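When you read off a place in the sequence shown, starting at 1, and then add 62, the result is the number in my numbering.
Don't be surprised by glycine CBs; every beta carbon is placed ideally from N, CA and C.
As the structure is a prediction and not an experimental result, all values here were calculated from the model.
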Amino acid sequence: MKAFTGKHNNYRITIEEVSVKEDRELQTMQFEIEDRENMFAIVEKIKQDSGLDEQSAARLGVSIRLLGPLMMQDRKHPLFVNFMPHFRDFMQNLKKTLKGQ
């Protein structure tokens, strides 16, 4: 388990499978992250100002806070290098959209 610095917000992310088609047990995944941003405030802002439905806004807010810092941390990794400019453009557009409301 990761040691948190206490300088940021700490979150536990849990993903639970709610149905399966085969005869097997439902799966659960859990991990913890530290983030400088308040994920709940970001999700609320997206819910209010993006025009997305509540569930889509929550998914977007959580996903950008999971992916963005990871890409910044490893921005030269081959998985991220080509996507980084597109993600930057997307984030600039999102911020402009949220401020424009």
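Residue i, buried or exposed, once every other Cβ within 10 Å from all chains shown has been counted against 16
i    : result
V105 : buried
I77  : exposed
F123 : A small fix is needed here, since residue 123 is Gly in this sequence, not Phe. That one is buried.
R150 : exposed
R137 : exposed
Option nearest residue i by Cα separation, candidates the options
i    : options                  : result
D97  : Q154, G130 and K138      : G130
R121 : F152, F145 and M101      : M101
K69  : Q92, E78 and E99         : E99
M153 : L141, E116 and M134      : M134
A103 : K158, D115, Q92 and A119 : A119
Proximity of residue i and residue j at Cβ, strictly below 7 Å
i    : j    : result
L156 : D111 : no
E94  : R74  : yes
K109 : E116 : yes
E79  : Q92  : no
Three-way DSSP call (helix, strand, coil) for residue i in this model
i    : result
F152 : helix
E84  : coil
D136 : coil
F93  : strand
E78  : strand
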